[in-house]
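Visitor: Count along the sequence shown from 1, add 251, and you get the number used in the numbering used here.
Just so it is clear, CB atoms sit at the ideal spot from N, CA and C, and this is done for glycine as well.
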Amino acid sequence: MTRRTPLSLGLVGVALVAALALAACGKKSAEPAAGAAPKELVFSILSAENQQSMAPLWQPLLDDMSAQIGVKVKPYFATNYTSLVEAMRFKQVQMGWFSAAPALQAINRADGEVLGRVVDAGGDATYKSVIIVKKGSGITLERLLKCDKTLNFGLGDAQSTSGTLAPMAYLFTPKGIEPGKCFKTVRSASHQANAFSVANGVLDVATNNSVGLIFLRRESPTTADKIEDPIWTSPPLPESSIVVRKDLDPALKEKIRQFFLTYGTGADAVGEKQRAVLKGLAYGGFKPADNSYLDPVREMESAEALAAAKRSGDAGKIAKAQAGFDKVKSDADTHRAKESPAP
Numbered sequence: 252m253t254r255r256t257p258l259s260l261g262l263v264g265v266a267l268v269a270a271l272a273l274a275a276c277g278k279k280s281a282e283p284a285a286g287a288a289p290k291e292l293v294f295s296i297l298s299a300e301n302q303q304s305m306a307p308l309w310q311p312l313l314d315d316m317s318a319q320i321g322v323k324v325k326p327y328f329a330t331n332y333t334s335l336v337e338a339m340r341f342k343q344v345q346m347g348w349f350s351a352a353p354a355l356q357a358i359n360r361a362d363g364e365v366l367g368r369v370v371d372a373g374g375d376a377t378y379k380s381v382i383i384v385k386k387g388s389g390i391t392l393e394r395l396l397k398c399d400k401t402l403n404f405g406l407g408d409a410q411s412t413s414g415t416l417a418p419m420a421y422l423f424t425p426k427g428i429e430p431g432k433c434f435k436t437v438r439s440a441s442h443q444a445n446a447f448s449v450a451n452g453v454l455d456v457a458t459n460n461s462v463g464l465i466f467l468r469r470e471s472p473t474t475a476d477k478i479e480d481p482i483w484t485s486p487p488l489p490e491s492s493i494v495v496r497k498d499l500d501p502a503l504k505e506k507i508r509q510f511f512l513t514y515g516t517g518a519d520a521v522g523e524k525q526r527a528v529l530k531g532l533a534y535g536g537f538k539p540a541d542n543s544y545l546d547p548v549r550e551m552e553s554a555e556a557l558a559a560a561k562r563s564g565d566a567g568k569i570a571k572a573q574a575g576f577d578k579v580k581s582d583a584d585t586h587r588a589k590e591s592p593a594p
């Protein structure tokens, strides 16, 4: 997707730090000798809201997974998407919870594959990107799109589906808007940080998502009360997914798959307890999925790449981007046709 200089510099810096830190670890944790069963697995989690609030929500699920698959599972928390991808690439983690765009990065760069997808508490397999403003500010979408450089704007992590990719692909790029040239300032932060900044008047406008607003309402209702209903909402986006490394033992991978697909489905006391864990995560459960589940993200990214090429005016870049866009669209159409056969 199109990258803006301030954001891309931050992303490169984070990636370099993550790579150096992981390389410095030397021996790869949780990687067994050839032919040996792993003694533990590491599951990565984005602690965008903060680790203190996320750890108690995820630990019961990881404990249940450890018991069911017969291998201890411990969490790895990171505050940005790049660290999650790099941790999988360097085999520091074997599986994790990824939102859509970082999941695609894990597939492309970290030998990952989608094992299943999240279903939210209402049964939906999608969520939405939103743009928020402070209650009473009077800022409308029309005002936002004036691009008069009077507003301080907050995007999400540069790899965030809802925080950056979706608003660019569905709102700004179709209108020929580059945030760096449109707003007074543009900064990149987590959804939680952006929500607090909007509520406290540090930012005028920021991106977020429908799930993030649910967590904000639950964890900080006074902050949520300071934020208006979203002034923009995206089309549905693929919900988060569970990604595992391809080289994980196939038998163990299948145990993990079955754990997620059956979690919270039992009619007994165990199932009831598991559903309580899912409720804490604002999830309804998990469904089967493979890499094609991320086709909408591929389409958004290829559309962004094509738009950037067209802005450059370079015929070679445009032709290459157009070919990439056409291939992604063709592959996605093929996948959709297989999923929805003609009656």
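Have a look at Val369, Gln303, Pro425, Met316 and flag the residue whose alpha-carbon is nearest the alpha-carbon of Asp541.
Guide: Residue 541 sits at position 290 when you count from the first residue of the sequence shown. When each option's Cα is compared against that of Asp541, the closest is Val369.
Visitor: Measuring alpha carbon to alpha carbon, tell me which of Ala583, Ile478, Ala559 ends up nearest Thr424.
Guide: For the purposes of this step, residue 424 is taken as the residue at position 173 of the sequence shown. It is Ala559.
Visitor: Would you grab the beta carbon distance between Glu550 and Val579 for me? Rounded to a whole angstrom, and I think it's under 8 Å.
Guide: Locating residue 550 in the sequence shown gives position 299, where the first residue counts as 1. Locating residue 579 in the sequence shown gives position 328, where the first residue counts as 1. About 6 Å; that satisfies the 8 Å criterion.
Visitor: Cutting at 7 Å between CB atoms, please list the residues of its own chain near Ala357, excluding the five before and the five after it.
Guide: Here residue 357 refers to the residue found at position 106 when the sequence shown is read from its first residue. Contacts found: Val336, Met339, Phe349, Gly363, Val494.
Visitor: How is Ala329 classed by DSSP in three states: helix, strand or coil?
Guide: Start at 1 with the first residue of the sequence shown, and residue 329 comes out as number 78. Here Ala329 sits in strand by DSSP.
Visitor: In angstroms, rounded to a whole number, what distance separates the CA positions of Arg587 and Val453?
Guide: The residue you call residue 587 lines up with position 336 of the sequence shown. The residue you call residue 453 lines up with position 202 of the sequence shown. The straight-line gap from Cα to Cα measures roughly 43 Å.
Visitor: Just how far apart, CA to CA, sit Pro353 and Leu499?
Guide: Taking the sequence shown and counting its residues from 1, one reaches residue 353 at position 102. Taking the sequence shown and counting its residues from 1, one reaches residue 499 at position 248. Cα to Cα, Pro353 sits roughly 19 Å from Leu499.
Visitor: When the Cα atoms are used, what is the spatial distance from Gly373 to Tyr534?
Guide: For the purposes of this step, residue 373 is taken as the residue at position 122 of the sequence shown. For the purposes of this step, residue 534 is taken as the residue at position 283 of the sequence shown. Roughly 8 Å between the two C-alpha positions.
Visitor: Are Ser439 and Ala409 touching if we call contact CB-CB under 7 Å?
Guide: What you label residue 439 is simply residue 188 of the sequence shown in a count that begins at 1. What you label residue 409 is simply residue 158 of the sequence shown in a count that begins at 1. Yes, they are a contact pair.
Visitor: Are Gln345 and Arg496 closer than 7 Å when you measure CB to CB?
Guide: As a working mapping, residue 345 is identified with position 94 in the sequence shown. As a working mapping, residue 496 is identified with position 245 in the sequence shown. Yes, Cβ-Cβ distance for Gln345 and Arg496 is below 7 Å.
Visitor: Where does Ala329 land, buried or exposed, given buried means 16+ other C-beta within 10 angstroms?
Guide: Your numbering for residue 329 matches position 78 in the sequence shown. Classification for Ala329: buried.
Visitor: Asn460 by DSSP, collapsed to three states: which one?
Guide: Translated into the one-based positions of the sequence shown, residue 460 becomes position 209. Note: Asn460 maps to strand in three-state DSSP.
Visitor: With three or more beta-carbon pairs closer than 8 Å as the criterion, would you say the region 554 to 572 touches the region 394 to 401?
Guide: With the cut-off at 8 Å, the region 554 to 572 and the region 394 to 401 do not touch.
Visitor: For the beta strand (DSSP E) containing Asn403, list its first residue and its last residue.
Guide: As a first step, residue 403 is located in the sequence shown; it is residue number 152 there, counting from the start. Counting along the chain, the beta strand (DSSP E) containing Asn403 begins and ends at 403 to 406.
Visitor: Out of Pro472, Leu402, Asn451, Ala554, which has the shortest C-alpha to C-alpha gap to Lys432?
Guide: Residue numbering aside, residue 432 sits at position 181 when the sequence shown is read from its first letter. When only C-alpha atoms are compared, the closest one is Leu402.
Visitor: For a test of the three-state rule: what should DSSP assign to Glu550, helix, strand or coil?
Guide: As a working mapping, residue 550 is identified with position 299 in the sequence shown. Three-state DSSP puts Glu550 in a helix.
Visitor: For Thr436, report the span of its beta strand (DSSP E) as first-last.
Guide: Taking the sequence shown and counting its residues from 1, one reaches residue 436 at position 185. Unbroken beta strand (DSSP E) run through Thr436: 436 to 439.
Visitor: With a threshold of 7 Å on Cβ separation, who are the neighbours of Leu308 within its own chain once the five nearest residues in sequence on each side are excluded?
Guide: Translated into the one-based positions of the sequence shown, residue 308 becomes position 57. Excluding sequence neighbours, Leu308 sits near Gly531, Leu532.
Visitor: What number of angstroms, rounded off, separates the C-alpha of Lys400 from the C-alpha of Gly407?
Guide: Stepping through the sequence shown from its first residue, residue 400 is reached at position 149. Stepping through the sequence shown from its first residue, residue 407 is reached at position 156. Looking at the two C-alpha atoms, the distance is approximately 19 Å.
Visitor: Based on the DSSP secondary-structure assignment, which residues constitute the bridge partners of Glu291?
Guide: Position 40 of the sequence shown, counted from the first residue, corresponds to residue 291. Paired residue(s): Lys323.
Visitor: Please return the same chain residues whose Cβ sits closer than 6 Å to the Cβ of Ala574, not counting the five positions on each side in sequence.
Guide: Position 323 of the sequence shown, counting from 1, holds the residue named residue 574. Closer than 6 Å at Cβ, skipping near neighbours: no residue.
Visitor: Just to confirm the assignment, what range does the beta strand (DSSP E) spanning Glu364 have?
Guide: Start at 1 with the first residue of the sequence shown, and residue 364 comes out as number 113. Note, Glu364: beta strand (DSSP E), 363 to 371.
Visitor: Specify, as a first and last residue, the run of the beta strand (DSSP E) that Phe447 falls within.
Guide: The residue you call residue 447 lines up with position 196 of the sequence shown. Taken as a continuous stretch (DSSP letters only), Phe447 belongs to no beta strand (DSSP E), being part of the alpha helix (DSSP H) at 442 to 450.
Visitor: Can you give me the Cβ contacts of Thr620 inside the same chain, cut-off strictly under 7 Å, excluding the 5 residues immediately before and after it?
Guide: In the structure displayed, the chain extends from 252 to 594; residue 620 sits before or after that span and is not available.
Visitor: Less than 7 Å between C-beta atoms, sequence neighbours within five positions excluded: which residues of the same chain meet that for Thr412?
Guide: One-based indexing of the sequence shown puts residue 412 at position 161. Only Ser350, Ala351, Ala352, Leu488, Val548 meet the Cβ criterion.
Visitor: Short of 7 Å in beta carbon distance, which residues of its chain neighbour Pro311, apart from the five on each side in sequence? Order them along the chain.
Guide: As a first step, residue 311 must be located in the sequence shown, where it is residue number 60. Taken in chain order, the residues that qualify are Val528.
Visitor: From the DSSP output, read off the bridge partner residues of Thr377.
Guide: For the purposes of this step, residue 377 is taken as the residue at position 126 of the sequence shown. Pro489.
Visitor: In terms of residues, what are the limits of the alpha helix (DSSP H) holding Phe576?
Guide: Within the sequence shown, numbered from 1, the residue matching residue 576 stands at position 325. Element bounds for Phe576: 566 to 590.
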